Amino acid sequence: MPYKQAAEHRQELPSRSVPRRRPQFIPAGRIHAINADTREVACGINAAGLYVFDRDWTAGIGLNRCSACVEATGYGRPPDA
Ligand SMILES: [Zn+2]
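The sequence shown runs 59 to 139 under this note's numbering.
Here it is in structure tokens:
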């Protein structure tokens, strides 16, 4: 199931000395798992208002992942649990 990251907020990366063509954003706030095909959020909340990023749900560490989405997708569950 291809889950992408859907963030409640987004944060613009501060521009450095090199000018960018367009601003780049990174996920901020709580991150939910959204089904890339059906646009359904794993924990059942409305996808409207979420910022969907073209990043795999499992990519990245230290993100504030929604615990209900983690539970629903089984991501991060200890292997011996
Ligand atoms: Zn969620």
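The beta carbon of each residue, even a glycine, is placed where N, CA and C say it ideally should be.
Predicted, not measured: the structure shown is a model, and the values here were computed from it.
Whole-angstrom C-beta distance between residue j and residue i, which should lie under 8 Å
i      : j      : result
CYS127 : ALA100 : 4 Å
Beta carbon of residue i nearer than 8 Å to that of residue j
i      : j     : result
LEU121 : PRO85 : yes
LEU71  : ILE92 : no
TYR133 : ALA94 : no
ARG113 : GLN63 : yes
Start and end residues, beta strand (DSSP E) containing residue i
i      : result
GLU70  : 61 to 70
VAL110 : 109 to 114
Residue i: CB within 7 Å of a non-hydrogen atom of ligand 1
i      : result
GLY90  : Note on residue identity: the sequence assigns His, not Gly, to residue 90. Yes - ligand 1 has a heavy atom lying nearer than 7 Å to the Cβ of HIS90.
VAL110 : no
ALA86  : no
ALA65  : no
ALA100 : yes
First and last residue of the uninterrupted alpha helix (DSSP H) at residue i
i     : result
ALA91 : From DSSP, ALA91 is part of no alpha helix (DSSP H) but of the beta strand (DSSP E) over 83 to 93.
DSSP beta-bridge partners of residue i
i      : result
VAL99  : ILE92
ARG123 : ILE89
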